[in-house]
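In what follows, a single structure is set out as structure tokens and then discussed.
There are 2 protein chains.
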Amino acid sequence: MARLPEYLRALTSLAEQGISVCSSEELAGAVNVNSAKLRKDLSYLGSYGTRGVGYDVDYLRYQIAREIGLTQDWPVAIVGIGNLGHALANYSGFGTRGFRVAALLDAAPERCEESVGGIPVRSFDDLDAVLAETPVAIGVIATPAGAAQGVADRLVGAGITSILNFAPTNLVVPAGVSVRKVDLSVELQILAYHEQRRAGAEELRGAAIAAAGEEQSA
Amino acid sequence: MARLPEYLRALTSLAEQGISVCSSEELAGAVNVNSAKLRKDLSYLGSYGTRGVGYDVDYLRYQIAREIGLTQDWPVAIVGIGNLGHALANYSGFGTRGFRVAALLDAAPERCEESVGGIPVRSFDDLDAVLAETPVAIGVIATPAGAAQGVADRLVGAGITSILNFAPTNLVVPAGVSVRKVDLSVELQILAYHEQRRAGAEELRGAAIAAAGEEQSA
DNA sequence: TGCGTTTTGTTCTCACGTTCACAAACTCCT
DNA sequence: AGGAGTTTGTGAACGTGAGAACAAAACGCA
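Protein chains in written order, with the numbering used here: chain X, 1 to 218; chain Y, 1001 to 1218.
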């Protein structure tokens, strides 16, 4: 489930506050979900709570981390070291929780002289060589939209089966490869949509008041 | 609907290829959705297609853009000019489609001397003054997790009703304020989960084959 | 030990979103 | 002009996920 990471984060936060046991209500409140949904999600992993008491924070934390797979190390390769790629390579939250930037790749040869956060930028042409040196489980695409599909094809060809795509394109990949897309502009557009609807509603209210006033005066 | 931006992008791509008319099947194929779903989504906006022919690309593009609210200008303020904030400020895809970086804010005074992409970084303490100078419709939070809730509170207090949150925290905001969250680490964890399940399945297959072999030899 | 309280795990119901299937409508060709 | 072929728009079935409600179980206290 896509909610497990949220639960994990909330549990970590509780653990940092020194709380060792929590009820489903408390945890659900921290994640803003229904407590029944939370319990159902957790029961899918197994019976890790004790009735009448709640959940042991550390124990549940470990169980969720194990379920997600965070007990092992996940080497990540970032392709496209532009503004976003730089930011991702330097992102500290990356390192926490088992994820580790293992390689940086870029098509532009002039970028390959740099090194970001101690990791050298290699040419994307050397993909196979780089992957032979350091194993990579997850590929992150931070290239322009036009290059994304080609990069994805080569990553898949090199044996990568998990891709996080920041480029605004719908990647087509063979079955058995997971792709997750993060699209800044889509998020902004959704916000704009709601914002516009709010503005429109206000206008309507205003018009209704004006109409009521005219009716009054007529 | 959250799919409208995807449709819009696909339509723009078609328009760039010089295609002026397309059927729901073609468009649905480009977005990887069912054509019936696409038609129902579009019919929610109105009857913009012609039976037996399809949809006029430019006309539909305009209608969707109008529905989302992209026919107007959306000034955006970015709070937190660290690695990610820098990348966002320089992000070219930001400028396209009606979104415009109107202000950059940071709590650290030393950052306020810089200017990114021609826009000066102002102190977050001067939020109200900055918003008085330049109107802002959408606030983007690119701060560390600890500061995010405080920033959100101040943005809401200053009248902002749409927030895009990159910090790994669940913001609590009053009703009537839209929040969208982009969480890199959650996406990675979801990928790790699937990746681990694939690896586990392979192991199970291997174990099953081994067991079958043992059974054979036993 | 036995009862009341608390909280989990689970079942049932319901609503939503997705998909199928078909009628209405438009174009093209004869 | 009329029929064949396409494609939209929409009504009906289907499946999935969410919320409410309840039984089972653990703890505390008398």
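Positions of the beta carbon are idealized from the N, C-alpha and C atoms, including for glycine.
Answer with yes or no whether the minimum CB distance from residue i to chain X is below 7 Å.
| i | result |
| --- | --- |
| Ala1002(Y) | yes |
| Ala1107(Y) | no |
| Arg1180(Y) | yes |
| Tyr1007(Y) | no |
| Ile1190(Y) | yes |
| Gln1196(Y) | yes |
| Ser1020(Y) | no |
| Ile1078(Y) | no |
| Thr1069(Y) | At residue 1069(Y) the sequence reads Gly, which differs from the Thr that was named. It does: the Cβ of Gly1069(Y) has a partner Cβ on chain X nearer than 7 Å. |
| Glu1203(Y) | no |
| Asn1083(Y) | yes |
In terms of residue numbering, what span does the beta strand (DSSP E) encompassing residue i cover?
| i | result |
| --- | --- |
| Pro75(X) | 74-79 |
| Val1179(Y) | 1178-1181 |
| Val1140(Y) | 1138-1141 |
Indicate the three-state DSSP secondary structure (helix, strand or coil) for residue i in the structure shown.
| i | result |
| --- | --- |
| Leu1171(Y) | coil |
| Pro1120(Y) | strand |
| Gly1157(Y) | helix |
| Ala1108(Y) | coil |
| Ala218(X) | Below a pLDDT of 50, predicted positions are generally treated as unreliable, and Ala218(X), at 45, falls in that range; the measurement from the model is reported next regardless. Coil. |
Using a Cβ-Cβ distance under 7 Å, would residue i count as near chain Y?
| i | result |
| --- | --- |
| Gly139(X) | no |
| Asn165(X) | no |
| Ser24(X) | no |
| Val186(X) | yes |
| Ala218(X) | Because Ala218(X) carries a pLDDT of 45, less than 50, the predicted location of this residue cannot be relied on, and no value is offered for it. |
| Tyr193(X) | yes |
Could you pull the start and end residues of the alpha helix (DSSP H) that residue i belongs to?
| i | result |
| --- | --- |
| Val1130(Y) | 1127-1133 |
| Arg9(X) | 4-16 |
Worksheet item: Using Cβ-Cβ distances below 7 Å, what residues of the region 1085-1099 of chain Y are close to chain X?
Response: His1086, Ala1087, Asn1090, Tyr1091, Gly1093, Arg1097, Phe1099
Item to complete: Scan the region 18-101 of chain X and note each continuous beta strand (DSSP E) run of 3 residues or more that stays entirely inside, going in chain order.
Response: 54-56, 74-79
Worksheet item: Between the region 1044-1066 of chain Y and chain X, which residues of the former have a C-beta closer than 7 Å to a C-beta of the latter?
Response: none
Item to complete: Please name the residues in the region 110-143 of chain X whose beta-carbon is closer than 8 Å to at least one beta-carbon of chain Y, in chain order.
Response: Ala137, Ile138
Worksheet item: Taking any Cβ of chain Y, which residues in the region 31-43 of chain X have a Cβ under 8 Å from it, in chain order?
Response: Val31, Asn32
Item to complete: Name, going along the chain, the residues of the region 1145-1163 of chain Y whose beta-carbon falls closer than 9 Å to a beta-carbon of chain X.
Response: Ala1145, Thr1161, Ser1162, Ile1163
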